[in-house]
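As C-alpha cells, the structure follows; a few thoughts come after it.
Protein chains: 2
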Amino acid sequence: MSGPEKPSRGRKVTSFDVARRAGVSRAAVSRAFTPNASVSPETREKVVKAAKELGYRVNYLARGLTTRRSDFVGVVAAGMDNPFRALQIEQITKSLVRRNFRPILLPADQGESADHVMDQLLHYNVSGVLVTSDAPPTALCAEFAAAGVPIVLINKADTIPSVDRVVSDTNAAGKLAAATLVEAGAKQLAVVAAPGPSYTARCRLQAFMGACYALDVEARVIPVEHNSYREGLAVAEALKGVDGVFCINDYMACGLIDGLRRLGGKVPDDVRVIGHDDIPQASWAAYELTTFRQPCDVQAEQAVSLLISRMDDPTTAERFEVTPVSLVRRATV
Amino acid sequence: MSGPEKPSRGRKVTSFDVARRAGVSRAAVSRAFTPNASVSPETREKVVKAAKELGYRVNYLARGLTTRRSDFVGVVAAGMDNPFRALQIEQITKSLVRRNFRPILLPADQGESADHVMDQLLHYNVSGVLVTSDAPPTALCAEFAAAGVPIVLINKADTIPSVDRVVSDTNAAGKLAAATLVEAGAKQLAVVAAPGPSYTARCRLQAFMGACYALDVEARVIPVEHNSYREGLAVAEALKGVDGVFCINDYMACGLIDGLRRLGGKVPDDVRVIGHDDIPQASWAAYELTTFRQPCDVQAEQAVSLLISRMDDPTTAERFEVTPVSLVRRATV
DNA sequence: CTGTTAGCGCGTTCAT
DNA sequence: ATGAACGCGCTAACAG
C-alpha cells in the first residue's frame, strides 16, 4: 500500500501524530520542517517519512501565531478593466509568490469600499501591503504605516512617513512626448487626461505642458472623467484643430484613435497620437500606437524588494524609486 | 486626546489588554466580537469602547485556529493576458470579498508551477479553491477534494468526485455560431482553436463542427498553438477561400481580424467573423466584433455559491451548472 | 542534537 | 450573562 494512509479522515493530522509515528518529540517534527534548524539527518528522515505516510503538512497559520509573522501580503487594486492594471497584478502576484508570499487580492472599487476592505487586512496580520489603486486615501495608508505594517505604493502620490513608493519617470515621459510630437511636425498640441485621482497621470500632464511651454508651442489640456477607452472615444470630437496629442494612457488612446478615425481623421497624417504604458493592445495591428513602455515587471520586483527590506528594518526613512520609461516608436507618430 | 492611545507600540494589543481595560474577562471580549453571542449590551459597549481606545482588532488567524476554519479561498488562474481572464478574476475576487472571504490569488503559469503553488495552499487551511486556469491537472484537484477542501472549477473539463463545476453553454455557442454564419451567407466555414488545454474551447469547436455537418455546409478546423492575439494574427493567411470563421475566443479573434485586414480582406464582406466571450475590446470601434457574451459575473457568483454550499455540506454529489451565453450582434457578421 | 516547558491569541465548554 | 480552565497547532527558550 502506498500513498497517504488516512486520505480523508475527518480530523487533520498534526505534528503530534507525526511525532508519535516517528517516535520523536513534536519539537523534532517542527525542526524537521524548519530551514536551518539543528536536526540530525536521520531524525529528519524519520520525520519526513512519517509525515508523508500520514499526509501531514505544517499549518502555517499556527506557525505564524508563534513566530508572529505571516506570509500574507495585501494587494489592493482598482480599475482592472485597464489592461495595464491586469498586467501589473499578474506581475506583482508572481513576484510575491516567487518570494514565498501569499498575495491576498483586494479589488478596491472607487469609494469607501476601499476603506472597508483594507481595514479587514489588519485582522490578518499581513506582513505588508502593496497598493496600485488610485482609491485608498492617504489617511488609511498612514494608519497602516503607524500600525507597523510595511506598505509600498506603486505610481501613487502622497508622501507619507514610512511609506515607500515606486513611480515611473513621469517627467521624462511628459517632456519626451512633447518633443516627439513637435519633432514630427505637430503645431497644435493637446494632452488628454482626467484631472481625477491618478497621480502619475497628473504628473505626466504637467511635465508635458511644461515642455510645450519651453518649446514655445501651443498646447491645451482636454479633461475627461476617467482615463478609459470610452472617454477617449468620446473626446475625439473636442480635438478640432489639434494635430498632436498626448494621451495619458494607452487604454484611453485606443479609444481616442477609434474616435478620430470615426470622424474621418487620419492617424498620424492629420493627428499624431502618443500614449503611455505600452499595453498589449498598443502593439495590435489596428493601432500600432507609439507609446511609452512602463516596465511593470521591474516595478513589481522593486516594490516587493522595498516591502521586504522594510519588513527587515521598519525604521528606515521612506524611499522613492523611479523606474525609467522608454519610448516605443510605432505608427501613430 | 482622541484616537488610539498606543498608535505604534511594538507589541500588538490582544484581547487580554482589552479585557483588563474594560474590567471584564477575556471571554467577554471574545463574545463581544462574536455574532449571536450572549453578552449584555452594557458589557459589549464597555468592550467596544476599550477596544477602540486601544486600537484592538480580533486576530482572525488565531480565531481560525480554534474554530478550525479560515476565511481564505485560493484562486488559481493562468493566462491573464487574455482580457477575459482579467475580468473573471475581478468578478471572482469581488464575489468572494462580498461574502467575507479573502481571495488568495495564485498565478498558475503553465507547467509544474501550478502544482507547486497549489500545493502551498494546503498549508493555509483554505476553506476552498476556485480554479479558472487550464493548467491544474485532474490529479491535484482530486487531492484537494480528498483532503476535504471544497473546490469548484470554472470552464474546466474533468469530472472529478466531489468537485463542482460551472461551465458556459458551449453547445449552444457552437451551434448558434454555425447557424449565424450560414444565415449570413457564408459557404466555406472554418473554426480556429488550439487543440490544447482549454476545455470549453474544444467543446465549442466540436459543437460547431457538428452543426456544420448537420447543416451540410463545408467546414474545416484551423489549429493554432495558443488561443491568443498573436496566433490569430498569424493564422489569417491559412484562411484562403474561407468566408465565415468561428474564432474560439475574442482575444484571438481581434488578431484574426487584424490579420485578415492586413491581407487586404474585408470583414464582413469577404469574411464573416464571430468570436466568443465579449471582452471589452470586442465592442471597440476598431472591431465591432459579433460574439457570444459569457457572463463571468454570474459565473463568479455561481461558483462562490457552490463553494459555500459544499463547505456547509461536503458530502453532496458533484454538481454541474451551465451558464447561458447570448449572441451579441455587431458588425463582423 | 534532543525533549520538556511555556506560551502565541483566541474560542469554547462548564460552572456559577 | 459571566468568568475559569482548557485546547487549537505550532515554535522558542531552556535544559540536558
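Residue numbers (the numbering used here), protein chains in the order written: chain X, 1 to 333; chain L, 1001 to 1333. Note that CB positions come from ideal geometry on N, CA and C, so glycine has one too. Bear in mind that the values here come from a model prediction, so they are computed numbers and not experimental data.
Less than 8 Å between CB atoms is the rule here; does residue i satisfy it with respect to chain L?
i: X/E90; result: yes
i: X/S8; result: Residue confidence for X/S8 is low, a pLDDT of 42 falling below 50, so the modelled location carries little weight and cannot support an answer.
i: X/I308; result: no
i: X/P83; result: yes
i: X/C254; result: yes
i: X/P268; result: no
i: X/E5; result: Confidence at X/E5 is low in this model, with a pLDDT of 41, below 50, so its placement is unreliable and the value that follows should be read with caution. It does not; no Cβ of chain L falls within 8 Å.
i: X/K94; result: yes
i: X/V97; result: yes
i: X/D17; result: no
i: X/R262; result: yes
i: X/S2; result: Confidence at X/S2 is low in this model, with a pLDDT of 36, below 50, so the placement of that residue is unreliable and no value is reported for it.
How is residue i classed by DSSP in three states: helix, strand or coil?
i: X/I160; result: coil
i: X/D313; result: coil
i: L/L965; result: As shown, chain L starts at 1001 and ends at 1333. That puts residue 965 of chain L outside it, with no answer to give.
i: X/D17; result: helix
i: X/E225; result: coil
i: L/A1236; result: helix
i: X/M1; result: Any reading at X/M1 must be qualified, since the residue scores a pLDDT of 33, below 50, and its modelled position is unreliable; the value itself is stated next. X/M1 falls in the coil class under three-state DSSP.
i: X/L263; result: coil
i: X/V333; result: coil
i: L/A1194; result: coil
i: X/S168; result: strand
i: L/V1149; result: coil
i: L/G1241; result: coil
i: L/K1012; result: coil
i: L/S1305; result: helix
i: L/A1211; result: helix
i: X/A179; result: helix
i: L/A1201; result: helix
i: X/D134; result: coil
i: L/D1297; result: helix
i: L/P1007; result: Because the pLDDT of L/P1007 is 39, which lies under 50, any placement of that residue in the model is unreliable, and the number read from its coordinates should be weighed accordingly. DSSP places L/P1007 in coil when its eight states are reduced to three.
Considering only DSSP beta bridges, list what residue i is partnered with.
i: L/Q1188; result: L/E1218
i: X/G255; result: None, per the DSSP bridge assignment.
i: L/V1328; result: L/T1291
i: X/S113; result: Note: X/S113 sits in no beta bridge, so no partner.
i: L/G1128; result: L/V1073
i: X/C141; result: Answer is none; X/C141 lacks a bridge partner.
i: X/I274; result: X/F246 and X/T290
i: L/S1283; result: DSSP, once it has assigned bridges, lists no residue as partnering L/S1283.
i: L/E1321; result: L/V1166
i: L/I1154; result: L/V1166
State yes or no: is the beta carbon of residue i nearer than 8 Å to at least one beta carbon in chain X?
i: L/L1061; result: yes
i: L/V1328; result: no
i: L/I1104; result: yes
i: L/Q1281; result: yes
i: L/D1258; result: yes
i: L/N1249; result: no
i: L/M1080; result: yes
i: L/G982; result: The first residue shown for chain L is 1001 and the last is 1333, placing residue 982 of chain L beyond what the model contains.
i: L/P1107; result: yes
i: L/L1122; result: yes
i: L/A1135; result: no
i: L/A1234; result: no
i: L/R1057; result: yes
May I ask you to check if the CB of residue i is nearer than 7 Å to at least one heavy atom of the ligand HEM?
i: X/S168; result: Absence of the ligand HEM is noted for the structure shown, with no ligands found whatsoever.
Practice problem: Please go through the segment 1022-1110 of chain L and give each complete beta strand (DSSP E) segment of 3 or more residues, from N-terminal end onward. | Solution: 1072-1077 and 1102-1107
Quiz item: Touching or not, the segment 215-227 of chain X and the segment 154-162 of chain X, by the rule of three or more beta carbon pairs under 8 Å?
Solution: no
Quiz item: Hey, is the segment 105-116 of chain X in contact with the segment 1307-1319 of chain L, meaning 3+ C-beta pairs nearer than 8 Å?
Solution: no
Quiz prompt | the segment 174-192 of chain X / the segment 226-246 of chain X touching (three or more Cβ pairs under 8 Å) | solution = yes
Quiz item: Below 8 Å, can you find three or more Cβ-Cβ pairs linking the segment 234-246 of chain X to the segment 1259-1277 of chain L?
Solution: no
Quiz item: Do the segment 246-263 of chain X and the segment 122-135 of chain X touch if we need at least three Cβ pairs shorter than 8 Å?
Solution: Taking 8 Å as the limit for Cβ pairs, the verdict is that the segment 122-135 of chain X does not touch the segment 246-263 of chain X.
Practice problem: Would you be able to state if there are at least three C-beta pairs under 8 Å between the segment 1289-1305 of chain L and the segment 287-296 of chain X? | Solution: no
Quiz item: Would you call the segment 162-179 of chain X and the segment 274-294 of chain X in contact, with 3 or more CB pairs under 8 Å?
Solution: yes
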